[in-house]
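Chains as they are written, first to last, in our numbering: chain P, 1 to 120; chain Y, 121 to 240.
Where a beta carbon is used, it is the ideal one built from N, C-alpha and C, also for glycine.
Number of protein chains: 2
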Amino acid sequence: MTGTEMEDILDRWSSQARKGYFEMLLLARLNAGRAYGYQIVAALKQAPGFENLAEGTVYPVLTRMKKDGLVTAEWVAEDTGPPRKYYTVTELGARTLDAMQGIWRRMDEVLLAQPAKETS
Amino acid sequence: MTGTEMEDILDRWSSQARKGYFEMLLLARLNAGRAYGYQIVAALKQAPGFENLAEGTVYPVLTRMKKDGLVTAEWVAEDTGPPRKYYTVTELGARTLDAMQGIWRRMDEVLLAQPAKETS
DNA sequence: CCAACTACTATGTATTGCTATATATCTTGC
DNA sequence: GCAAGATATATAGCAATACATAGTAGTTGG
């Protein structure tokens with residue numbers, strides 16, 4: 001009976017939790033090798049929790065990251081099919097990713113630090 | 121030169137990352153032992169990243185968690201000072217926290233799973 | 001021409017966190 | 001007994017942000 005309730009709560013929660021996480025994930029993905037938008041969307045759709053990821057979600061983030069100088073973009077003509085816009089992480093992007101992961105780790109530590117039970 | 125830029129980016133980012141995290145942290149804190157709102161605010165203000173935490177942030181979350189059945193609340197008259205409202209995690213709350221932490225872990229794994237570099 | 005691929009944008013909705021304020025209780029000083 | 005301050009809970013309103021939906025537009029290949 002409470003199973004469905006919990007799913008509703010988790011849906012709302014994970015939607016919020018994804019917000020900060022997604023940008024870091026995207027940056028990490030690009031840090032592992034340059035990629036183009038359509039490719040990223042297709043790949044992430046298979047990751048758990050991102051089944052409904054749409055292009056309208058990814059491209060604005062890519063644009064913002066480029067504006068912030070975290071990535072650079074480059075059009076590449078392909079032998080087959082339309083040209084693709086490849087994104088590559090900059091040095092600032094790599095350092096920023098590193099800092100994000102550091103904050104993420106620290107959050108983990110605070111979460112795991114179980115404070116002593118207060119016995120009234 | 122890029123140091124300040126990066127801080128701006130990280131500020132915006134961590135503000136988003138906190139959103140989902142905070143609710144889980146609050147639930148974890150209560151899971152370690154019942155507590156009242158003012159106490160939680162005072163304690164969390166000392167945690168890294170929550171220096172500016174305000175009551176107006178915590179109480180709405182507590183109210184929502186109570187409405188969702190994750191916690192119960194109980195007024196307790198104190199020997200000294202005004203009465204306090206203690207929050208206790210319910211069984212649903214404990215299970216929900218467990219599920220949240222599972223999702224959090226899975227996010228971690230996806231983040232750490234470095235996909236093989238695509239060599240064009 | 002049509003279908004698939006690729007990039008992008010506009011808009012609506014939901015949510016958060018912060019500020020400010022209101023209310024009630026207890027303690028202290030006088 | 002009363003005013004002032006500390007403790008404690010709560011809510012309304014605001015600005016900022018992200019996500020999802022849906023739609024546009026261009027290119028290539030059959």
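9 Å Cβ cutoff, residue i in contact with chain P
i, result
"K139 (chain Y)", "yes"
"D199 (chain Y)", "no"
"P168 (chain Y)", "yes"
In DSSP terms, what residue i is bridged to
i, result
"T88 (chain P)", "P:T72"
"Y38 (chain P)", "Beta-bridge pairing links Y38 (chain P) to no other residue."
Residue-level contact to chain Y via CB, residue i, 9 Å cutoff
i, result
"P83 (chain P)", "no"
"G37 (chain P)", "no"
"G69 (chain P)", "yes"
"M13 (chain P)", "Position check: residue 13 (chain P) holds Trp in this sequence, whereas Met was assumed. With 9 Å as the cut-off, W13 (chain P) counts as an interface residue toward chain Y."
"L10 (chain P)", "yes"
"E5 (chain P)", "yes"
8 Å contact criterion, which residue i and residue j should meet: CB distance rounded
i, j, result
"A137 (chain Y)", "G20 (chain P)", "3 Å"
"V58 (chain P)", "L30 (chain P)", "The Cβ separation is near 11 Å, so there is no contact."
"M6 (chain P)", "L212 (chain Y)", "7 Å"
"A148 (chain Y)", "L111 (chain P)", "6 Å"
Taking 8 Å as the cut-off, does the stretch 11-30 of chain P touch the stretch 199-211 of chain Y (at least 3 CB pairs, one atom from each stretch)?
no
At a CB distance below 8 Å, what residues from the stretch 85-112 of chain P approach chain Y? Give them in sequence order.
L92, R95, T96, A99, M100, Q101, I103, W104, R106, M107, D108, V110, L111
Three or more beta-carbon pairs under 8 Å between the stretch 157-171 of chain Y and the stretch 196-203 of chain Y, yes or no?
Flag = no, the stretch 157-171 of chain Y and the stretch 196-203 of chain Y do not touch.
Does the count of Cβ pairs from the stretch 95-102 of chain P and the stretch 127-139 of chain Y closer than 8 Å reach three?
They touch, by the three-pair rule.
Under 8 Å, CB to CB, which of the residues in the stretch 140-152 of chain Y have a partner in chain P?
G140, Y141, E143, M144, L145, A148, R149, A152
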